[in-house]
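Visitor:
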Amino acid sequence: MQNTLSQPKAGESYLLWLVKIVSGVLIFAVLIIHFLVNHLLAPNGLLSHAEVVEYYRNYPIVPVMEGFFLLFVIAHSLIGTRSIILDLRPSAGLLKVLDILFIALGLFATGYGIWLLFAVINFGL
Amino acid sequence: METPKKPNSRGIFDWFDPRGRNVGGWGFIINRLSAIGLTVYLYLHLYMLGKLAQGPEAFDAFIETAKTPLIMFGEMLVIIAGLYHGFNGLRIALNSFGIAVPAQRQLLYGVVGITLIGTVVFGVRMLTAH
């Protein structure tokens, strides 16, 4: 079998590579719980609005866990997308623009997701 | 991400070139394709979850839509991609830190096996729950 070890590629720092690997492992742990709750244990296959709100309020660890999940998954997806784009050998200027776009998208998605978590917890209060 | 065997001469078109590709190479390609699919799904998912803030009518109507065959098929693809990418990612992480490197091929077969079993379990559950 060919050497398929993951390692930083040209244009990717060791820190970014490490964040990608570590966030991937952390996502995996939370994703198993997410899959089980939302697709395997939910009584009707998917949770209703009332069930989501009740679930978040009764188990405060859940929104905290979902918040971290959001952070890890956004970081992993954006660093992974950047890694794929590096395979296309973009120019340094284009990569700089993409980096700015990825950071902006990451910040926006994280802010939106955290706002949404609080909106669900406080719904109807 | 794993390193392809061949030098990358044609960008993503090399991903679909079957010539000289071995099991690990295909594992790499499927990992990439599942990554792209899951990334697109992630941002769609975040957008659709915004309906939670709009109230029960909006969210529950969306959940009813999610139970239609086409969306359920899409969900199954997400589950397949999630299982494969997750378990293959664990394999890559282990190998990257020098763990179980000689067993890469066997681990990849294990990843495919777990993905198939998980797909059947989730598929049966989804079809019987709706």
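So the protein sequences, as listed, match chains A and B. Going by numbering that gives the first Met the number 0, the first sequence opens with residue 0, and the numbers climb by one from there. Going by numbering that gives the first Met the number 0, the second sequence opens with residue 0, and the numbers climb by one from there. Think of the CB as a built atom: it goes at the ideal place given N, C-alpha and C, for glycine as much as any other residue. Here the structure is a predicted model, which is why all the values come from computation and not from measurement.
Could you spell out the range, first to last residue, of the alpha helix (DSSP H) harbouring A:S12?
Guide: Unbroken run through A:S12: none, as it is neither H nor E.
Visitor: Where does B:I78 land, buried or exposed, given buried means 16+ other C-beta within 10 angstroms?
Guide: Buried: at least 16 other Cβ atoms inside 10 Å.
Visitor: Helix, strand or coil, according to DSSP, for B:R20 in the structure here?
Guide: If DSSP states are grouped into helix, strand and coil, B:R20 belongs with coil.
Visitor: Ends of the alpha helix (DSSP H) at A:D98?
Guide: A:D98 -> alpha helix (DSSP H) spans A91 to I120.
Visitor: How about B:R90 and B:L106: do their beta carbons lie closer than 7 Å?
Guide: Going by C-beta atoms, B:R90 is nearer than 7 Å to B:L106.
Visitor: Compute the Euclidean distance between the alpha carbons of B:T38 and B:G81, then round it to the nearest angstrom.
Guide: Roughly 11 Å separates the two Cα atoms.
Visitor: I need the boundaries of the alpha helix (DSSP H) containing A:V63, first residue and last residue.
Guide: First-last of the alpha helix (DSSP H) with A:V63: I60 to D86.
Visitor: Whose C-alpha, out of A:G112, A:L87, A:I99 and A:H33, is nearest the C-alpha of A:V61?
Guide: Considering only alpha carbons, the answer is A:H33.
Visitor: Within 10 Å of its beta-carbon, does A:T6 have 16 or more other beta-carbons around it, so buried, or fewer, so exposed?
Guide: Residue identity differs from the one stated: residue 6 of chain A is Gln in this sequence, not Thr. Classification for A:Q6: exposed.
Visitor: Taking the C-alpha atoms as reference points, what is the distance between B:F15 and B:Y42?
Guide: Approximately 26 Å, taken between the alpha carbons.
Visitor: Compare the beta carbon distance of A:I73 and A:T109 with 7 Å and say whether it is the shorter of the two.
Guide: Yes, the pair counts as a contact, with Cβ atoms nearer than the cut-off.
Visitor: Taking the alpha-carbon positions, what's the A:N121 to B:E63 distance?
Guide: Whole-angstrom Cα-Cα distance: 24 Å.
Visitor: Over what stretch of residues does the alpha helix (DSSP H) that includes B:F15 continue unbroken?
Guide: Neither: B:F15 is in no alpha helix (DSSP H) and is coded neither H nor E.
Visitor: For B:D59, go through chain A and note every residue whose CB falls closer than 9 Å to its CB, in chain order.
Guide: Those are S47, H48 and A49, listed as they occur along chain A.
Visitor: So which residues of chain A does B:T38 contact, with C-beta pairs closer than 8 Å?
Guide: Here the neighbours are S76, G79 and T80.
Visitor: Quick one: is A:Y55 buried, meaning 16 or more other Cβ sit within 10 Å of its Cβ, or exposed?
Guide: A:Y55 should be labelled buried.
Visitor: Determine whether the Cβ of B:G19 lies closer than 7 Å to any Cβ atom of chain A.
Guide: So, not an interface residue.
Visitor: Count the other C-beta atoms from every protein chain shown that fall within 10 angstroms of the C-beta of B:F72, then say buried if there are 16 or more, exposed otherwise.
Guide: Burial call: exposed.
Visitor: Identify the contact partners of A:L30 in chain B, using a Cβ-Cβ distance below 9 Å as the criterion.
Guide: The contacting residues are G81 and G85.
Visitor: Among the residues of its own chain, which have a CB less than 8 Å from the CB of A:P89, if the five just before and after it don't count?
Guide: Excluding positions up to five away in sequence, the list reads L97.
Visitor: A:L85 to A:A103, Cα distance in whole Å?
Guide: Answer to the nearest angstrom: the Cα atoms are 19 Å apart.
Visitor: Along the chain, where does the alpha helix (DSSP H) that runs through B:P101 open and close?
Guide: That residue, B:P101, is in no alpha helix (DSSP H); it is neither H nor E in DSSP.
Visitor: If you drop the 5 nearest sequence neighbours on each side, which residues of the same chain put their C-beta closer than 8 Å to that of B:M47?
Guide: Counting only Cβ-Cβ distances below 8 Å, and skipping sequence neighbours, we find F61.
Visitor: Please compile the residues from chain B whose C-beta is within a distance smaller than 9 Å of the C-beta of A:L115.
Guide: Chain B residues near A:L115: L45, L48, G49, L51 and A52.
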